[in-house]
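Each residue of the sequence shown is one higher than the one before, counting from 1 in this note's numbering. Okay, structure first, notes after.
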Amino acid sequence: LTLQALCIPILFAYPYMTYLSGPALSIVLSIASVLKNNIAVTIITGLFILQNNAVSQDQRGAANGLAMTGMSLFKAVAPAGAGIMFSWAQKRQHTFFFPGDHMVFFVLNMIELIGLVLTFKPFLAVPEQYARN
1 LTLQALCIPI
11 LFAYPYMTYL
21 SGPALSIVLS
31 IASVLKNNIA
41 VTIITGLFIL
51 QNNAVSQDQR
61 GAANGLAMTG
71 MSLFKAVAPA
81 GAGIMFSWAQ
91 KRQHTFFFPG
101 DHMVFFVLNM
111 IELIGLVLTF
121 KPFLAVPEQY
131 ARN
């Protein structure tokens with residue numbers, strides 16, 4: 001959960017990195033990218049563990065298959081959606097509310113926030129074997 005919350009400020013900082021130049025930009029962008037990628041791998045691994053603990057042994061294959069299907073679907077649709085969102089953002093360069101690329105990263109932060117909220121109690125299924133303890 002803490003790692004998901006750390007992704008939000010990292011994503012928030014990306015549009016402001018354009019004010020840097022030269023080696024400072026390369027260093028900051030490299031650090032942010034390495035952090036984001038490591039956090040993403042850790043989050044996905046943690047979500048797989050949560051998912052495997054949320055279902056019984058006989059349902060685990062179906063749950064993993066459904067999760068992989070959903071993840072593959074979103075990985076297929078995401079590049080087209082991101083392209084549409086970036087081209088829309090380029091048309092809004094001089095607006096008052098989240099101009100240009102700021103809107104793109106705002107939308108990414110909202111998606112990250114939804115993912116964070118979904119890991120809390122009402123949405124996260126706790127199996128009976130863990131609920132009794």
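All C-beta atoms, glycine included, are put in the ideal place defined by N, C-alpha and C.
### Task
To the nearest angstrom, report how far apart isoleucine 10 and aspartate 101 are at their CA atoms.
Indexing the sequence shown from 1 puts residue 10 at position 10. Indexing the sequence shown from 1 puts residue 101 at position 101. The straight-line gap from Cα to Cα measures roughly 15 angstroms.
### Query
Looking at the structure shown, is phenylalanine 12 part of a helix, part of a strand, or coil, going by DSSP?
As a first step, residue 12 is located in the sequence shown; it is residue number 12 there, counting from the start. Phenylalanine 12: helix per DSSP, three-state reduction.
### Query
Taking the C-alpha atoms as reference points, what is the distance between isoleucine 31 and leucine 25?
Position 31 of the sequence shown, counted from the first residue, corresponds to residue 31. Position 25 of the sequence shown, counted from the first residue, corresponds to residue 25. Those two C-alpha atoms are separated by around 10 angstroms.
### Query
Are the beta-carbon atoms belonging to asparagine 64 and phenylalanine 48 less than 9 angstroms from one another?
Counting from 1 along the sequence shown, the entry for residue 64 is found at position 64. Counting from 1 along the sequence shown, the entry for residue 48 is found at position 48. Yes, they are a contact pair.
#### Entry: Three-way DSSP call (helix, strand, coil) for leucine 124 in this model
Position 124 of the sequence shown, counting from 1, holds the residue named residue 124. DSSP places leucine 124 in coil when its eight states are reduced to three.
### Query
What does a CB cutoff of less than 8 angstroms around asparagine 109 pick up in its chain, not counting 5 residues either side in sequence?
Locating residue 109 in the sequence shown gives position 109, where the first residue counts as 1. Around asparagine 109: Ile8, Leu11, Phe12.
### Message
Could you tell me the alpha carbon to alpha carbon distance between tyrosine 14 and glutamine 90, rounded to whole angstroms?
### Response
Taking the first residue of the sequence shown as 1, we reach residue 14 at position 14. Taking the first residue of the sequence shown as 1, we reach residue 90 at position 90. About 16 angstroms.
### Task
Could you tell me whether the Cβ atoms of leucine 124 and alanine 67 are closer together than 9 angstroms?
Taking the first residue of the sequence shown as position 1, residue 124 is located at position 124. Taking the first residue of the sequence shown as position 1, residue 67 is located at position 67. Cβ distance not < 9 angstroms, so leucine 124 and alanine 67 don't count as in contact.
### Query
Distance, Cα to Cα, leucine 50 vs threonine 119?
Within the sequence shown, numbered from 1, the residue matching residue 50 stands at position 50. Within the sequence shown, numbered from 1, the residue matching residue 119 stands at position 119. Distance between the alpha carbons of leucine 50 and threonine 119: 9 angstroms.
### Query
When DSSP labels each residue in this structure, what does glycine 100 get in the three-state scheme?
Translated into the one-based positions of the sequence shown, residue 100 becomes position 100. The answer is coil: DSSP assigns glycine 100 none of H, G, I, E or B.
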